[in-house]
Each structure stands twice: as C-alpha cells, then as structure tokens.
C-alpha cells in the first residue's frame with residue numbers, strides 16, 4: 001500500500017483516549033490483551049526466554065510471509081539501491097547476540113488514569129538470542145548520501161491506527177542505524193524467526209524499546225530529513241497534554257522485576273510463601289546505560305536493601321542481568337518492591353504519568369502473604 | 001503438597017463471580033489475559049499452529065522442570081505401581097498425531113453477564129502435532145483393578161483456587177483414559193514440549209476441552225470411585241445457579257472461526273476490505289462428533305450460505321478442518337458470521353449462558369467495513 005519513502009500521513013490522526021476514573025478494561029483493550037501476550041513472570045528464571053514465552057506486540061495482523069520469495073529493498077538517499085533476498089542476507093557475516101526487548105507500553109495498565117491501548121501490566125519483556133547480519137555494511141554498500149539524517153524501516157504489516165492507514169514504519173536517527181549492534185535478523189534462539197516475531201526478517205536495534213525493532217521488514221529507506229510518519233510523530237511520544245508534540249520514545253529505561261515467589265492464587269495472582277528463608281530472584285536491565293544497583297524492599301517501600309546483582313556480561317551488554325536477595329520472611333502480609341538503578345538514575349516509586357502510557361518504569365509492587 | 005490419591009478438598013471453595021452489568025474487565029482478569037495468551041486469529045491460516053501462537057492457559061505458575069530427573073508415578077488401584085522416567089517413556093512405541101485443543105472457557109468474555117475468570121474472547125484454540133506414547137498399555141502393565149472407575153492425572157503446578165490449595169489434578173472416566181488416542185506426550189511440532197505446554201510430559205486426550213490434557217504430569221492414580229477433586233467437582237461444571245452441582249465439562253462442542261479478512265484497526269480490531277471478490281476462510285472443529293457443515297452469513301445472520309468444507313482427514317480426526325467461502329463484497333458495513341454443525345447439532349446464534357462461562361460455542365460475529 002505504501003508507494004513512497006514516507007508512506008504515512010499525519011492527519012487526521014485521532015487522539016489516544018484516557019480511561020475515566022474507575023473505568024474497567026474495555027473489550028477493545030481486552031482484544032489486544034488476548035492476542036498479544038506477555039511473558040509470565042516466572043519465565044524470569046530463564047537466561048534466554050523461549051520464543052512462546054517472549055512477549056509479543058503486533059499493531060496489525062501477523063503477515064503471511066514466504067521466506068523463499070521475500071525481498072528487502074534498500075533505497076531512498078543512496079547511490080545504489082539494493083534488492084536483497086533472504087538467501088543473500090544469510091550469506092553475509094552472521095552475528096548472534098543476546099538482547100532484551102521491552103514494549104514501550106509495558107506498565108501502561110498500572111497508570112492512573114489509564115491510557116487506553118494495549119493494556120500491559122508488567123510482562124511485556126523477554127530476552128532472546130538473535131542471529132542476523134550487521135546493517136551498517138549494507139548501508140555502506142548502497143552508498144549512503146552525505147545528507148542522510150534518518151533511516152526508515154517498513155514492515156509488511158498493514159492496518160489503520162487512529163484513522164491513519166499505514167504500513168508499520170519507524171524512522172531511526174542515522175547514528176543509531178549504523179551502530180555495529182544494529183542487525184537484520186532471521187533467527188531467534190537458533191531457530192528461524194517465528195511468524196509473530198517478524199519472520200522472515202526483522203530489525204534488531206539493541207537498547208531501544210520494542211517499537212523500533214521493525215518486524216516483517218520489507219524496506220529500508222534513507223531520508224535526508226527527519227521521518228514524520230505516524231509511529232514516530234504521533235504514536236511513540238512522551239507527552240502529558242494531547243496538544244503537545246512531546247518527546248520521542250527511544251531507549252529502554254531501567255527496570256527490575258521479581259520472579260514471583262511461592263505459589264499463586266489463580267484469580268488474584270496473589271503470592272503465598274511459608275515463613276523462613278525465601279530466596280527472591282529476578283532480572284534487571286536498562287537500554288540506555290549500564291545497571292549499577294538493584295534494591296529490594298519487603299515492607300512496602302519503607303526500607304530498601306541491596307540485592308546481589310550478577311556481574312555484567314561483556315559479551316551481552318544488552319541482555320538482562322540476574323539478581324538475588326535472601327529474604328527471611330515473617331508471617332503476615334508483606335509487599336515486596338524491587339528497583340533498578342543505572343548510570344543515569346533510579347526507577348521511580350511514584351508514577352510519572354504520560355497520556356500514551358509510554359516508557360513508564362514505575363517500580364513493581366508484589367503483595368505476598370507469608371504463612372506460618 | 002499432595003500426598004494422597006485425591007489431593008484436593010472440596011470445601012471451602014468460594015463461588016465464581018459474575019460481573020455486574022456494564023462492568024469492565026478488572027485488573028485480576030487482565031492479569032490472566034496478559035499472562036495466558038490466545039491464538040491471533042490470522043493464525044487460522046496454519047494447518048499446524050506454531051507453538052508460540054497456540055493458546056496457553058495455566059491455572060498457576062509454569063513449573064521449573066528438569067527433564068533428566070522427571071518421574072511419573074502410576075499408582076492407586078493397580079497391582080504393580082510404576083515409576084517411570086522420561087527416557088523410559090521415550091523408549092516405548094511413539095505416535096504423532098494432529099490434535100486441536102480449545103480452552104473450555106473460550107468465548108467467556110463475550111457472555112452477558114460476564115463470568116469473571118480468564119477473559120477469553122474467541123482465540124483460545126490451536127492445533128499441534130503431538131508426539132507421545134499410548135497410555136492404555138501402561139495402565140495394563142500396572143495391572144488395573146477390575147473395580148477401576150476414574151483415572152486421576154496430577155501436574156506439578158500448584159496454587160490456590162477459590163480458597164482451595166491444590167496441585168492441578170483432573171479425573172477422567174476409565175473408558176476415556178484407555179482410548180487408544182490417549183497419549184503421554186513429550187513433543188510438540190517435532191520439538192521438546194515448551195515449558196508453557198507442559199514440559200517435559202503432559203496428557204493428550206483428543207476431543208476433550210483443554211483442562212483435561214493435564215500438563216507437567218507427575219502422577220496417574222487409578223480410583224475405584226469417581227474423583228471429587230476441585231477441578232472436576234467445582235471448576236469445570238456447566239451450571240446456571242451457584243448452588244447446583246451442574247454437569248461436567250467434557251468434549252469440545254462444534255465451532256467455526258473466520259480468519260480475519262482484509263486489514264484491522266489497531267484499537268478496535270475492526271476489519272476493512274475492498275469491494276469485490278473477498279475470499280473468506282477459516283477452520284471448523286468438534287471434539288464430540290464429526291463436523292458435517294459450515295455456513296457463512298454476510299448479513300448479520302439473516303441469511304446463511306454453505307461454505308466449502310475441506311474433506312475429513314482420516315489420519316487426523318481430531319484436527320481442525322479448513323473451510324472457504326467466496327464472498328462478493330458490496331460497499332458498506334457488514335457483519336460476517338460463521339457456524340459449524342456436527343452430527344449432534346449446530347452452534348447457537350443466541351448465547352446459552354452458564355455462570356462459569358464453560359463450553360460456550362456461540363457463533364462468532366465479525367464486523368467488516370467494505371470500502372469502495
């Protein structure tokens with residue numbers, strides 16, 4: 001449907017809705033919640049998330065792709081436009097890297113008031129081993145214009161969002177697109193990409209929220225001016241008022257999550273443990289700077305204690321890191337909190353609200369009933 | 001936690017809640033919706049659902065299982081209790097079979113009033129190739145008591161449901177457990193079972209709703225009286241009043257679903273197509289009797305027309321079947337319905353309400369806007 005470099009019109013984009021006070025989740029949000037899926041937090045136990053447990057967000061439908069006939073076109077402000085088939089790409093130097101992805105909307109449904117969109121609680125994360133070929137040498141071969149500013153990645157997924165019909169497309173600043181970590185990826189955990197993760201080809205841009213890792217990638221277009229498509233200019237913005245243009249959503253902010261201890265109640269997901277030694281564990285990450293500290297509170301945030309953070313893995317700077325904490329649990333109700341700090345700051349304990357529910361890294365609160 | 005053959009107490013089970021009129025989905029239901037996941041309906045295109053797209057429902061947490069040390073115990077009313085490791089089972093005769101699974105709660109969130117539990121719309125389905133060994137010869141080797149009535153399957157998943165702490169356990173009538181199609185399964189689509197599908201071992205009892213296919217299987221106990229555990233006596237019952245005991249949920253009722261045509265709106269999932277020839281397609285199934293007919297309505301149910309139903313596959317009687325329908329779409333709003341008929345009856349067009357939202361096979365309604 002998209003014939004041009006910038007396939008997306010800005011107007012007449014509707015505004016995102018914010019739920020009324022006390023308003024329950026609607027059938028529209030539920031339809032998103034049941035088709036997209038989060039990572040059940042007990043899967044924090046895996047260094048590498050199995051594909052079916054890794055979070056998935058698809059804006060439109062999962063395209064039906066034939067790897068044998070798939071083509072990627074590289075064009076726009078380049079000297080030599082390229083058309084590449086999957087085989088062409090797989091003959092190039094391959095890199096496998098362990099990278100955490102998190103949806104920019106993670107935590108949205110915990111905000112008050114609640115921005116109406118995909119209603120994530122805290123489970124829109126996962127870490128996988130991705131295999132692909134670096135993007136920068138391909139852009140070099142195509143002959144980047146010295147005037148290049150943005151690189152636009154377009155997927156085969158097509159639909160309407162707030163009145164705008166579009167192929168999903170995201171622009172990246174050139175400096176990000178030519179980072180050595182930016183890959184065109186065809187495998188996940190040693191297997192061909194599953195359909196829902198972008199088969200047969202997606203972008204991987206470590207450190208960025210998930211919206212930037214364009215799936216079902218069909219086109220890469222170099223622009224000499226900033227991309228103004230819907231997903232950059234409208235959707236993924238940090239703004240409080242509907243009328244402001246807001247700041248773009250970019251790198252992943254620090255977060256730590258707790259693997260749920262003990263056993264759950266089916267309906268409330270409340271946790272139960274027995275009194276005594278309760279080892280707590282989980283993962284922490286940041287896409288913008290190295291994680292330096294993880295702290296745990298078992299008294300609802302009144303006091304904090306340092307967790308033991310696993311050493312950074314120099315080979316996988318964009319993976320999550322394990323943390324552990326030895327809790328001696330006393331009978332009664334408790335609320336466990338965990339927060340990460342990176343070189344730029346600490347997760348907030350009070351919400352920093354924005355009207356599209358983006359890049360919200362409010363600390364997790366886990367009610368735990370300790371039994372005698 | 002479960003030391004006896006019947007590990008589950010009936011009292012003091014709380015009652016299932018029914019939502020008030022107009023009440024939105026709560027954070028408790030949302031927590032279930034974001035951790036469990038449905039099959040995005042465009043995946044109806046696949047004969048065999050990739051594992052990460054197959055629906056998943058876990059009552060409690062996904063257990064951490066070590067296949068190397070996993071043991072299955074077969075006991076109760078048998079002459080020779082058995083303890084089997086995964087290797088022992090994998091040396092036995094193996095069968096691979098294509099079987100549809102559907103959650104008994106599929107469609108629950110479309111009921112009015114809405115039973116409060118996992119809020120499925122219509123996506124709690126999937127068809128996979130399962131590999132395992134038949135159960136009946138194992139029961140024979142163990143020496144079934146002539147007085148055997150039920151066979152109870154217990155998983156490693158543990159939690160609390162309506163006040164009852166339990167290992168997940170389901171009883172099956174003996175006649176079902178010794179059907180040649182009943183398998184102990186260790187592989188899905190040619191790969192080891194993923195964690196969320198029961199690794200390393202689950203039951204497969206083709207034709208039954210998902211709750212019967214016990215995952216993370218650790219024990220099989222033969223009873224000489226009917227099993228009265230929570231998941232049989234309380235949870236999976238068809239009842240209208242809270243005080244009646246109700247009928248047990250057993251085999252899958254007939255259903256047909258439409259693969260969504262055209263393209264979606266992100267938020268509403270409304271469909272758009274261009275006027276003219278619009279091929280419609282989807283799948284139909286029943287676990288209780290062969291499907292005999294699929295019908296499509298493109299006018300909201302006022303008129304129905306036969307779809308073309310793919311021939312039954314004698315090798316895979318419990319898989320879904322493809323159907324197709326050639327629609328000539330005229331501009332304007334339409335509502336597409338599809339319904340399946342099996343040898344026992346047709347899907348209802350009006351809801352047949354029950355208070356736990358079980359085995360509800362109300363027809364699907366898909367609003368489609370046809371553009372000029």
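Residue numbers (the UniProt record's numbering), protein chains in the order written: chain A, 1 to 372; chain B, 1 to 372. Here a beta-carbon is modelled for each residue, glycine too, at the ideal position from N, C-alpha and C.
Would you mind giving the Cβ-Cβ distance between residue i and residue j, rounded to the nearest angstrom? I have them listed as a contact below 8 Å.
i: residue 355 (chain A); j: residue 240 (chain A); result: 6 Å
i: residue 270 (chain A); j: residue 369 (chain A); result: 7 Å
i: residue 189 (chain B); j: residue 51 (chain B); result: 6 Å
i: residue 261 (chain B); j: residue 61 (chain A); result: About 10 Å; that fails the 8 Å criterion.
i: residue 291 (chain B); j: residue 254 (chain B); result: 6 Å
i: residue 59 (chain A); j: residue 159 (chain A); result: 6 Å
i: residue 102 (chain A); j: residue 83 (chain A); result: Not really, about 33 Å apart at Cβ, beyond 8 Å.
i: residue 172 (chain B); j: residue 150 (chain B); result: 7 Å
i: residue 283 (chain B); j: residue 320 (chain B); result: 4 Å
i: residue 30 (chain A); j: residue 100 (chain B); result: Residue 30 (chain A) to residue 100 (chain B), Cβ: 23 Å. No contact.
Determine the contact status of residue i and residue j, defining contact as a CB-CB distance below 8 Å.
i: residue 374 (chain B); j: residue 167 (chain B); result: Given that chain B is displayed from residue 1 to residue 372, the structure contains no residue 374 (chain B) and the question cannot be resolved.
i: residue 281 (chain A); j: residue 322 (chain A); result: yes
i: residue 54 (chain B); j: residue 136 (chain B); result: no
i: residue 363 (chain A); j: residue 347 (chain A); result: yes
i: residue 98 (chain A); j: residue 316 (chain A); result: yes
i: residue 74 (chain B); j: residue 67 (chain B); result: no
i: residue 142 (chain B); j: residue 185 (chain B); result: no
i: residue 357 (chain A); j: residue 24 (chain B); result: no
i: residue 340 (chain B); j: residue 211 (chain B); result: no
i: residue 338 (chain B); j: residue 258 (chain B); result: yes
i: residue 276 (chain A); j: residue 329 (chain A); result: yes
i: residue 162 (chain A); j: residue 133 (chain A); result: no
i: residue 147 (chain B); j: residue 224 (chain B); result: yes
Candidates the options: which alpha carbon is nearest residue i's?
i: residue 106 (chain A); options: A:163, A:119, A:154 and A:95; result: A:119
i: residue 174 (chain B); options: B:315, B:152, B:159 and B:194; result: B:152
i: residue 307 (chain A); options: A:293, A:75, A:191 and A:209; result: A:293
i: residue 243 (chain A); options: A:331, A:262 and A:234; result: A:234
i: residue 41 (chain B); options: A:41, A:32, A:45 and A:46; result: A:32
i: residue 201 (chain A); options: A:85, A:339 and A:76; result: A:85
i: residue 180 (chain A); options: A:336, A:194, A:138 and A:237; result: A:138
i: residue 34 (chain B); options: A:110, A:295, A:197 and A:207; result: A:110
i: residue 305 (chain B); options: B:238, B:336, B:45 and B:187; result: B:336
i: residue 194 (chain A); options: A:28, A:309, A:29 and A:56; result: A:56
i: residue 220 (chain B); options: B:76, B:89, B:28 and B:302; result: B:76
i: residue 256 (chain B); options: B:295, B:272, B:206 and B:300; result: B:295
i: residue 266 (chain A); options: B:365, B:108, B:117 and B:203; result: B:117
i: residue 332 (chain A); options: A:218, A:319, A:371 and A:310; result: A:371
i: residue 16 (chain B); options: B:45, B:47, B:314 and B:231; result: B:231
i: residue 301 (chain A); options: A:26, A:365 and A:87; result: A:365
i: residue 69 (chain A); options: A:218, A:145, A:207 and A:178; result: A:218
Please list, in chain order, all residues of the same chain as residue i whose beta carbon is under 8 Å from its beta carbon, the five residues on each side excluded.
i: residue 7 (chain A); result: Confidence at residue 7 (chain A) is low in this model, with a pLDDT of 37, below 50, so the placement of that residue is unreliable and no value is reported for it.
i: residue 249 (chain B); result: 104, 209, 211, 236, 237, 238, 358 and 359
i: residue 352 (chain B); result: 360 and 362
i: residue 28 (chain B); result: 116
i: residue 94 (chain B); result: 131, 132 and 133
i: residue 409 (chain B); result: Since the displayed chain B opens at 1 and closes at 372, residue 409 (chain B) lies outside it and no answer follows.
i: residue 268 (chain A); result: none
i: residue 314 (chain A); result: none
Below 6 Å CB to CB, which residues in the same chain sit around residue i once its five sequence neighbours on both sides are set aside?
i: residue 4 (chain A); result: Caution is warranted here: a pLDDT of 39 is assigned to residue 4 (chain A), below 50, making its placement in the model unreliable, and the coordinate value is therefore given only provisionally. Nothing listed; no residue qualifies.
i: residue 198 (chain B); result: 215 and 216
i: residue 11 (chain B); result: Residue placement at residue 11 (chain B) is poorly supported in this model, since its pLDDT is 34, which falls under 50; the coordinates still yield a value, given next. Closer than 6 Å at the Cβ level, and outside the excluded window around residue 11 (chain B), lies no residue.
i: residue 325 (chain B); result: 280, 296 and 307
Can you give me the Cβ contacts of residue i inside the same chain, cut-off strictly under 7 Å, excluding the 5 residues immediately before and after it?
i: residue 9 (chain A); result: Since pLDDT at residue 9 (chain A) reaches only 35, below the 50 mark, its modelled position is unreliable, and the value read off the structure follows with that caveat. The residues are 164.
i: residue 49 (chain B); result: 39, 43, 126, 127 and 128
i: residue 205 (chain A); result: 172, 176, 182, 212 and 213
i: residue 21 (chain B); result: 113
Sorry if obvious, but does the Cβ on residue i come closer than 7 Å to a heavy atom of the ligand HEM?
i: residue 191 (chain A); result: The ligand HEM is not part of the structure shown, which contains no ligands of any sort.
What runs of the beta strand (DSSP E), each 3 residues or longer, lie entirely inside the stretch 288–356 of chain B? 291–297, 321–329 and 332–342
In chain order, which continuous runs of the beta strand (DSSP E) of length 3 or greater are located wholly inside the stretch 98–175 of chain B? 125–134, 150–161 and 164–173
Could you give the uninterrupted runs of the beta strand (DSSP E) lying entirely in the stretch 32–67 of chain B, keeping only those of 3 residues or more? none
If you scan the stretch 246–291 of chain B from start to end, which runs of the beta strand (DSSP E) of 3 or more residues do you find wholly inside it? 255–258, 271–274 and 276–285
Kindly provide the ranges of any beta strand (DSSP E) runs that are 3 or more residues long and lie completely inside the stretch 194–226 of chain B, ordered along the chain. Segments of the beta strand (DSSP E) lying fully in the stretch 194–226 of chain B: 202–204 and 217–223.
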